[in-house]
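Chains as they are written, first to last, in this note's numbering: chain B, 1 to 301; chain F, 1001 to 1489.
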């Protein structure tokens, strides 16, 4: 990383607390360990792998970090079969054909290198992130990397370790300002050790009820603190019920805003019943919840 | 870097332990290195993959963060030395051993643990040994498998593949074994069968991927290649290159029951998985032909607990694999909780992706000691995500067998095929069942599945479409069993 950029980042975030505060300002409440890990990722220029169950805010962390750095977020959603053409670059074929025709019409001599130039290159996310001109590094979110297949993981190595990619026709392109790379995974399969070795790591756990309430307050400003607290506690109880899909933070947020739409000032069993579908996503789970009783879920015993 | 450390010295002098003087900077670089290396060694002893590279990264992290408290050091180490949630416990234990014991939780300078550090090697040598024994007990299975497979790789290779080439000529003695039930075979005889098993090929139906491969009669234009070739012909795309969607084999997920009654069959079928995955990988001649349909295999065993054996499959012998599974589930004589195991598989692996579109092979006799309703519900979940479910149940070899009650009855409606796979000859049927494509059939509704058989219906409380449900037994079974079943009715 160029010294100017790292100096600027160092000034912006002299310590972990500064980053926590900046993330806080964007509406993301990061735990101490998470902000320490993100801090290291930014300052060391090292990619970071975030894992955790669905809905604990892995993707949000990347978005918040981009906002805190006041830079662009380049997102690459992985899926099985993703390849260089979707992730890195593609040549602009129609334009190349046009150039050939144009050269013919004007009787120009066209050389090979004329066609394989920057102008004809379509940058996909990885290249976009590498080419980001600054002043601060782009945040590159490689989302759900476990969905991509093993070959793609190996393809990422050069990118993550060297902040460089190789395009056969153009040669190796090195990033001016290496992006802050954030990888997320839902652990549908084990990532290769070689990939893990290149990354910092943080496991985002489910936070305690007080913090969930804080997060709800932050994301659904219309919800009263009473409602936020009740929703957080109720989601905590639901998570204790051994459901097929335990609700996460994102469900808690959606639930609070759904309750807000209904105009509920507090979480009554009736209101919970009306809005149950935003937290509980399986018929089996809904049955479990109704067996336990809505009143006990919302804490009115 | 240097200026980071220098500013740190001012900070460190405030600390209770600032060693005073000019050299009293809390962390001269050399000490950070020592600290990182010491922690790395301790973590390695506990089984974490903490190599020199990671230690270096920890040292850099500490410098960047100007870490001056144990909490900050902890944050640095957590981000740099750990790369899996299952490692966190071991990490915390080692970290606590190194730092928490000798120091108050207050605000100790990092300089202080260095004293602890010098004692540490001697200090941790004794605990490090016994924990490494204990560690084998409570370390995550993945780590232990890596460990064991590394250690057993040498002898494992030797005695399982004694240089027997997989050729067609097989001793007649071995052939006689083919018709005998797996349960009657001695371990030696079973090993002989490996020669025959090597000739079998496990194949599963293909799945379209999003990747392309060049193909003359492909449905899509390959613009990149077309233009590349056009350069040779003066920019005129004379030859149009085409490409087609590549097909890949589906994932094969094997869930193998290793409880007492199933053990011989489990041993044989795991040997089949092992041998088949090896032979097609190395033999080449059959391998290249079948390349496209050789599946990626994930193997799990269960009795009361689920254990992932995929990594062991790559390196160890079937014997080691079974031994490991037995170790991991010491209560294996206590009975089989298929439903609980399936639930764990669904929660931790299946629904997240491993089971999606996969061919699932369950090897079990269906003796469920837990609640059959749970098994039914979990089979229903699996059925919704998997491509096909094949159940290998040695008890179905008997013509008197019928899935009337208990676990098998609960699971039956969700199986696409039930095979016996009880001896080598019956394996053909198993392979055919794995190979055949899925047949679309109406979804099985949990309430209906329960009520059809008059079992305790799992979804009894549910309102419902029970009446409208199709006959739960109206499903494509493999032929022999289907015939048996209908004739019995």
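We treat Cβ as the ideally placed atom computed from N, Cα and C, and that holds for glycine.
List the residues of chain A whose Cβ lies closer than 8 Å to the Cβ of residue i, in chain order.
i                     : result
residue 110 (chain B) : The structure shown contains no chain A; its protein chains are B and F.
For residue i, does the three-state DSSP call read helix, strand or coil?
i                      : result
residue 125 (chain B)  : helix
residue 32 (chain B)   : helix
residue 282 (chain B)  : coil
residue 307 (chain B)  : Beyond the ends of chain B as shown, which are 1 and 301, falls residue 307 (chain B); an answer cannot be given.
residue 1367 (chain F) : coil
residue 155 (chain B)  : helix
residue 1320 (chain F) : helix
residue 994 (chain F)  : The first residue shown for chain F is 1001 and the last is 1489, placing residue 994 (chain F) beyond what the model contains.
residue 149 (chain B)  : coil
residue 71 (chain B)   : coil
residue 273 (chain B)  : helix
residue 300 (chain B)  : coil
residue 206 (chain B)  : coil
residue 201 (chain B)  : strand
residue 1423 (chain F) : strand
residue 1257 (chain F) : strand
residue 1416 (chain F) : coil
residue 1337 (chain F) : coil
residue 1407 (chain F) : helix
Please classify residue i: is it buried, with 16 or more other beta-carbons within 10 angstroms of its beta-carbon, or exposed?
i                      : result
residue 96 (chain B)   : buried
residue 1171 (chain F) : Any answer about residue 1171 (chain F) is weak, because its pLDDT of 48 lies below 50 and its placement is not dependable; what the coordinates show is given next. It counts as exposed.
residue 1150 (chain F) : Confidence at residue 1150 (chain F) is low in this model, with a pLDDT of 38, below 50, so its placement is unreliable and the value that follows should be read with caution. By the 10 Å Cβ count, residue 1150 (chain F) comes out exposed.
residue 109 (chain B)  : exposed
residue 99 (chain B)   : buried
residue 1308 (chain F) : buried
residue 1257 (chain F) : buried
residue 1345 (chain F) : buried
residue 261 (chain B)  : exposed
residue 79 (chain B)   : exposed
residue 105 (chain B)  : exposed
residue 107 (chain B)  : exposed
residue 151 (chain B)  : exposed
residue 148 (chain B)  : buried
Which residues in the same chain have their Cβ closer than 7 Å to the Cβ of residue i, if we skip the five residues on either side of it in sequence?
i                      : result
residue 1248 (chain F) : 1206, 1207, 1209
residue 146 (chain B)  : 185, 186, 187, 188, 189, 191
residue 266 (chain B)  : 226, 227, 230
residue 73 (chain B)   : 62, 63, 66, 139, 141
residue 216 (chain B)  : 223, 228, 231, 232, 252, 253, 256
residue 302 (chain B)  : As displayed, chain B neither begins before 1 nor continues past 301, which places residue 302 (chain B) out of reach and without an answer.
residue 1182 (chain F) : 1264, 1265, 1268, 1422, 1423
residue 244 (chain B)  : 282, 284, 285
residue 1043 (chain F) : 1050, 1081, 1091, 1094
For residue i, which residues in the same chain have their Cβ closer than 8 Å to its Cβ, ignoring the five residues on either side in sequence?
i                      : result
residue 1233 (chain F) : 1239
residue 1426 (chain F) : 1397, 1419, 1420
residue 13 (chain B)   : 19, 22, 39, 42, 43
residue 258 (chain B)  : 275, 278
Pull the bridge partners of residue i from the DSSP assignment, please.
i                      : result
residue 1222 (chain F) : BP columns for residue 1222 (chain F) are empty, so no partner.
residue 77 (chain B)   : B:143
residue 1265 (chain F) : Answer is none; residue 1265 (chain F) lacks a bridge partner.
residue 184 (chain B)  : B:50
residue 1252 (chain F) : F:1297, F:1359
residue 98 (chain B)   : According to DSSP, which records beta bridges pairwise, residue 98 (chain B) is partnered with nothing at all.
residue 89 (chain B)   : B:123
residue 1212 (chain F) : F:1245
residue 1206 (chain F) : F:1249
residue 302 (chain B)  : Because chain B is modelled from 1 through 301, residue 302 (chain B) falls outside the range shown and cannot be assessed.
Beta-carbon within less than 6 Å of residue i's beta-carbon, same chain only, minus the 5 sequence neighbours each way: which residues are those?
i                      : result
residue 1361 (chain F) : 1254, 1390
residue 1057 (chain F) : 1080
residue 1218 (chain F) : 1242, 1243, 1244
residue 1335 (chain F) : 1369
- Message: Closer than 9 Å between beta carbons: that is the criterion. Which residues of the region 1345–1356 of chain F meet it against chain B?
- Response: 1346, 1347, 1348, 1349, 1351, 1352, 1353, 1354, 1356
- Just by C-beta distance, which residues in the region 1029–1055 of chain F are closer than 9 Å to chain B? Answer in chain order: 1049, 1051, 1053, 1054.
- Item | Near-chain B residues of the region 1376–1403 of chain F - C-beta to any C-beta below 8 Å | 1377, 1381
- Mind listing which residues of the region 1209–1241 of chain F have their C-beta closer than 7 Å to chain B's C-betas, in chain order? 1209, 1210, 1211, 1223, 1224, 1227, 1231, 1235
- Below 9 Å between beta carbons is the criterion; list the residues of the region 1073–1084 of chain F that meet it against any residue of chain B, in chain order. 1074, 1075, 1076, 1078, 1079, 1080, 1081, 1082, 1083, 1084
- Query: Can you list, in chain order, the residues of the region 214–236 of chain B whose Cβ is nearer than 8 Å to any Cβ on chain F?
  - Reply: Going along the region 214–236 of chain B in chain order, one finds no residue with a Cβ nearer than 8 Å to chain F.
- Query: Which residues, taken in chain order from the region 1410–1438 of chain F, show a beta carbon closer than 9 Å to some beta carbon of chain B?
  - Reply: none
- Task: Using a Cβ-Cβ cut-off of less than 9 Å, list which residues of the region 78–94 of chain B approach chain F; keep chain order.
- Result: 79, 80, 81, 82, 83, 85, 86, 90, 91, 93, 94
- Return the residues of the region 1362–1376 of chain F that lie within a Cβ-Cβ distance of less than 8 Å from chain B, sorted by chain order. none
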